[in-house]
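Peer 1:
In this note's numbering, the protein residues as written are 750 to 921.
Listed below in structure tokens is the structure:
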């Protein structure tokens, strides 16, 4: 160690370049790791949605949990688990998860739209109307937001639902 320190003091330019190279290599490795992790998380979310929509609840739950371990937000995890419960005809169970998701992400259109659907499914009409009013005042950001908002508005506001679908397609 002492020899390395003496050498580094004598060869400051080479030492600095070696340190800089080490930082760049470590940064590149960290970036590659995080990018791969994000890609695996997004893949798990997509697989969860496909499994849920296909009626494969147990597969969906496994993929949702995998996405959570890979960094998906708690509100997304709760929303997706709530969606699975809705597909399985368990609106009360879904309601708990979705209300938690809304507390965690109160401005997320997808979360609010899924909660609205849950209120509708469980016959909680006052809560459903209140959630529709909240959803109406929310600005969709992603194509998915537009689709979820359209799905929720389809029964009551078909023209607005059509506009949301068109906007979603335009954003793709």
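Yeah, the Cβ is synthetic: ideal placement off N, Cα and C, and Gly gets one too.
Among the residues of its own chain, which have a CB less than 7 Å from the CB of residue 883, if the five just before and after it don't count?
Peer 2: For the purposes of this step, residue 883 is identified with residue 134 of the chain shown, where counting begins at 1. If we look at residue 883 and ignore the five residues flanking it on each side, its Cβ neighbours are 861.
Peer 1: For a test of the three-state rule: what should DSSP assign to residue 891, helix, strand or coil?
Peer 2: Within the chain shown, the letter at position 142 stands for residue 891. Of the three classes helix, strand and coil, the one that applies to residue 891 here is coil, per DSSP.
Peer 1: What are the boundary residues of the alpha helix (DSSP H) that includes residue 779?
Peer 2: Residue mapping note: residue 779 aligns to position 30 of the chain shown, counting from 1. Per DSSP, residue 779 belongs to the alpha helix (DSSP H) from 761-802.
Peer 1: Three-state secondary structure (DSSP) at residue 897?
Peer 2: On the chain shown, residue 897 is found 148 positions in, with the first residue counted as 1. Helix at residue 897.
Peer 1: Measuring CB to CB, does residue 850 end up less than 8 Å from residue 820?
Peer 2: As a first step, residue 850 is located in the chain shown; it is residue number 101 there, counting from the start. As a first step, residue 820 is located in the chain shown; it is residue number 71 there, counting from the start. No, these two residues do not count as a Cβ contact at 8 Å.
Peer 1: Is the CB-CB distance between residue 898 and residue 907 below 8 Å?
Peer 2: Counted from its first residue, the chain shown places residue 898 at position 149. Counted from its first residue, the chain shown places residue 907 at position 158. Not closer than 8 Å, so no.
Peer 1: Find out if the Cβ-Cβ distance for the pair residue 816, residue 794 is shorter than 8 Å.
Peer 2: By one-based count along the chain shown, residue 816 stands at place 67. By one-based count along the chain shown, residue 794 stands at place 45. The answer is yes: Cβ separation under 8 Å.
Peer 1: Contact defined as beta carbons within less than 8 Å: I believe residue 826 pairs with residue 813. What is the distance between those atoms, to the nearest angstrom?
Peer 2: As a position in the chain shown, residue 826 is number 77, starting the count at 1. As a position in the chain shown, residue 813 is number 64, starting the count at 1. That belief holds up - the Cβ atoms of residue 826 and residue 813 are roughly 6 Å apart, short of 8 Å.
Peer 1: Evaluate residue 768 with the Cβ neighbour count: other Cβ atoms within 10 Å of its Cβ, from every protein chain shown; 16 or more gives buried, anything less gives exposed.
Peer 2: For the purposes of this step, residue 768 is taken as the residue at position 19 of the chain shown. Under this definition residue 768 is an exposed residue.
Peer 1: So, using beta-carbon positions, are residue 901 and residue 853 closer together than 8 Å?
Peer 2: The count along the chain shown starts at 1 and reaches residue 901 at position 152. The count along the chain shown starts at 1 and reaches residue 853 at position 104. In this structure, residue 853 does not lie closer than 8 Å to residue 901 by Cβ.
Peer 1: Run the CB neighbour count on residue 833, radius 10 Å, all protein chains shown included, and call it buried at 16 or more, exposed below.
Peer 2: As a first step, residue 833 must be located in the chain shown, where it is residue number 84. Residue 833 should be labelled buried.
Peer 1: In chain order, what residues of the same chain have a beta carbon less than 6 Å from the beta carbon of residue 868, not counting five sequence neighbours either side?
Peer 2: Counting from 1 along the chain shown, the entry for residue 868 is found at position 119. The residues are 876, 877 and 880.
Peer 1: Verify whether the separation of the beta carbon atoms of residue 871 and residue 895 is less than 8 Å.
Peer 2: On the chain shown, position 122 is the one that residue 871 refers to. On the chain shown, position 146 is the one that residue 895 refers to. No, these two residues do not count as a Cβ contact at 8 Å.
Peer 1: For the putative contact between residue 781 and residue 829, defined by C-beta atoms under 8 Å, what is the C-beta separation to the nearest angstrom?
Peer 2: Residue numbering aside, residue 781 sits at position 32 when the chain shown is read from its first letter. Residue numbering aside, residue 829 sits at position 80 when the chain shown is read from its first letter. The Cβ separation is near 27 Å, so there is no contact.
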